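Read in order, the letters of the sequence shown correspond to residues -20 to -1, 1 to 222 in mature numbering (1 follows the signal peptide of the UniProt record, and there is no 0). Okay, structure first, notes after.
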Amino acid sequence: MRATLIVAIVLIFMNASVLAQGQTLTLSSANIDPSDHASLVRGAKAYSRYCLSCHSLQYQHYKQVAKGLQLSHGELQRDIMITPNTHWTMPMNAAFSNENMKQWLGRPAPDLTYITKQYSPDWLYTYLHAFYTDPTQPLGVNNWLVPNVSMPNVLQGLQGPTQAIYSKSSTNLLLGVKVSGAGVLNPKQYDQFVRDLVNYLNYTADPSAEQRYNIGWWVLGFLSLFTMLAWLLKKEYWRDAH
Ligand code: HEC
């Protein structure tokens, strides 16, 4: 029973094609919905709680996020502005400085405002599913997508401990990552949690995308109406000319 459960979990986290190809990692699909407002709000709260201590979103101001996602003042103060000494007109700076980060982890944590443009939503979704325990690393964790990463696995408590699956023929050949114990969230909930985070980071990279998309429909509607009117007008004029 336990073995079946583990196999099922492994299959959820790994694409069948990854198994077939061996070492190559195929990105999992993030399946985000930029028009899902509730998902964006959950993602914003999760970001402040789990990522903002180290990663700034310096091209976003708290007030932009509050306005864009229609957050109440209470929500903004309680769930989003959780780094010390912040005012709602300020950019979303990280709590720790780059110097601190270099001292503790060896590297600064990059700003993540444009991370989904730099890579892709699928890349980020896969990255947050690719951490595994690795005692040879300074922090005791590694990442399949970014080998020798110096970021701690901050979501381990939610996802549960994870282990690498190595090929039978070689311990250097990584085939996948499996969840090996219980986390606060079950695999499906964890997928949704990461999807919300990715959705939010996709939003921060281009906050007006959804608005432009909606305006686009109005523009298309106007153009079709205008074309029809122009055609009717042309018909009217040419009726007399014949
Ligand atoms: C304790 C500090 C810390 C926290 C908290 C943290 N990170 Fe990181 N993160 C880092 C550091 C340091 C790096 C740089 C790693 C490297 O270059 O090896 C990094 C790198 C990254 C990268 C870039 C990888 C690349 O190769 O460009 C992404 C994406 C990322 N983190 C996402 C997140 C997300 C999402 C969260 C919240 C769920 C988060 N991080 C929480 C410290 C942190």
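C-beta: ideal position from N, C-alpha, C; glycine also. Computed from a predicted model, the values in this text were never measured in an experiment.
Among the candidates P132, F173 and C31, whose CA atom is the shortest distance from the CA of M72?
C31
Please report the distance separating the alpha-carbon of V164 from that of S188.
34 Å
Same chain only: Cβ atoms within 6 Å of W68, ignoring 5 sequence neighbours per side
Y42 and K43
Just the Cα atoms here: how many angstroms apart are G2 and L154?
Per-residue confidence for G2 stands at a pLDDT of 46, beneath the threshold of 50, marking its modelled position as unreliable; the derived number appears in the next sentence. Roughly 8 Å separates the two Cα atoms.
Going by CA-CA distance only, name the one from P127, L92, Q139 and T113 that's closest to L181.
L92
Which of the three DSSP states is assigned to N133 in this structure?
coil
Where L7 falls: helix, strand or coil (DSSP):
coil
Contact set for D114: own chain, Cβ-Cβ below 8 Å, skip 5 residues either direction
G120, V121, N122 and A144
Element boundaries [alpha helix (DSSP H), containing F173]:
P167 to A185
Tell me which residues share the same chain as D59 and place their Cβ nearer than 7 Å to its Cβ, disregarding the 5 neighbours each side in the sequence.
K25 and S28
Strictly by DSSP, which residues pair up with Q123?
What sits at residue 123 in the sequence shown is Asn, not Gln. Beta-bridge pairing links N123 to F111.
Do you know offhand how far F173's Cα is from R87's?
26 Å
Among residues of its own chain, excluding the 5 on either side of W103, which ones have a beta-carbon nearer than 7 Å to its beta-carbon?
L7
Does at least one heavy atom of ligand 1 sit under 7 Å from the Cβ of M61?
no
Note the first and the last residue of the continuous beta strand (DSSP E) segment covering T142.
T142 to Y146
Contact set for V129: own chain, Cβ-Cβ below 6 Å, skip 5 residues either direction:
N123
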